[in-house]
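J.:
In the numbering used here, the protein residues as written are 422 to 550.
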């Protein structure tokens, strides 16, 4: 009977040690769970922040792309205006050159008429003498 009591006490001591080890393992597991939860929370915050930055950057890029499209459209519009103005300038220069040529020709004709009139006047004055 003494041997059985002694074995029971040894087994009780072993069970107590095992229970202590189990409690320590539970504490370690709980501590690890808390750390994992903290890491998840930190990760989720960082991911949320990164997603917000990504969304903001995408929005900025979209605005820049729209702005570039608007600028490209403006550039094309200005190019068309420049072509139109160059055409007008060229045509105006041609018209101007033609008018100047007509004026020069008219001046030369007038000069011929004036010289002819002068000759007639001189001849008329000589005839009077």
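Glycine included, each C-beta is placed from N, C-alpha and C at the ideal position.
#1: Which residue comes first and which comes last in the alpha helix (DSSP H) that contains residue 422?
#2: Could you give the distance in angstroms between the alpha-carbon of residue 551 and the alpha-carbon of residue 473?
#3: Quick check: what's the CA-CA separation for residue 449 versus residue 459?
#4: For residue 513 and residue 543, what's the separation of their Cα atoms in angstroms?
T.: In short, the structure shows the following:
#1: Residue 422 -> no alpha helix (DSSP H), and no H or E assigned at all.
#2: The structure shown does not extend to residue 551, since the chain is modelled only from 422 to 550, so the question has no answer here.
#3: Spanning the two alpha carbons is a distance of roughly 15 Å.
#4: Whole-angstrom Cα-Cα distance: 44 Å.
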